[in-house]
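Read the structure below first, then the notes.
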Amino acid sequence: MIRTIHPIAGVIGFLTILTFWTSTLYSEIFASHATVASVKTMIVYGLFLLVPAMVIVGATGMSMGSRRKDASALAKKKRMPIIAANGLLILVPAALYLKTKAGAGAFDTSFYLVQVIELVAGATNLTLMGKSIRDGRAMTARSRSQSQK
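Below, the structure written as structure tokens:
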């Protein structure tokens, strides 16, 4: 069961962040301030999906990989604290701040500074999560090929 839940939670987390990131970029470039404010509000609501997905992927990953010492597992273990810290210390506070600022119509220098930080942090998490998904798929493929021998 845990081997099913882990990749599903990981893909949900990845796709949710990707949706946040692309929606933000699109609205900032092509849409009105009202649309940007709506996107920022929806991102905060989306945290109710993202945060549990990330907790589940972290917990199931630690459970499955606790005894693994191969390079892929060790790389995933090193990435997870960075992904979690980036999310909890940068992305969640930035989402709340940007929602508040956008809701008030305050599209000032601090809004755009935090917006750039959020986009960079989001891209970083997408990259790290993508590498972890890639490594997880490789680990699963190796495990399947070894079990068929």
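Residue numbers for the sequence shown, in the numbering used here: 10 to 158.
All residues carry an ideal CB built from backbone N, CA and C; glycine is no exception.
Note that the structure is a prediction, hence the values are computed from the model and not measured.
- For residue 29, the uninterrupted alpha helix (DSSP H) run begins and ends at 11-39, by DSSP.
- Secondary structure at residue 76: coil, using DSSP grouped into helix, strand and coil.
- Remark: C-beta atoms of residue 26 and residue 59 approach each other more closely than 9 Å.
- Per DSSP, the continuous alpha helix (DSSP H) segment holding residue 111 begins and ends at 101-112.
- Put simply, the backbone Cα of residue 37 is about 43 Å away from that of residue 78.
- Residues 11, 12 and 15 of the same chain have their beta carbon placed closer than 8 Å to that of residue 73, with the five preceding and five following residues left out of the count.
- Around residue 107, the same chain offers 49, 120, 123, 124 and 127 as residues with beta carbons nearer than 7 Å, after the five sequence neighbours per side are excluded.
- Here residue 145 is near residue 19, since their CB atoms are less than 9 Å apart.
- Rounded to whole angstroms, the separation of the alpha carbons of residue 143 and residue 54 is 28 Å.
- In this structure, the straight-line span from the alpha carbon of residue 75 to that of residue 112 is close to 43 Å.
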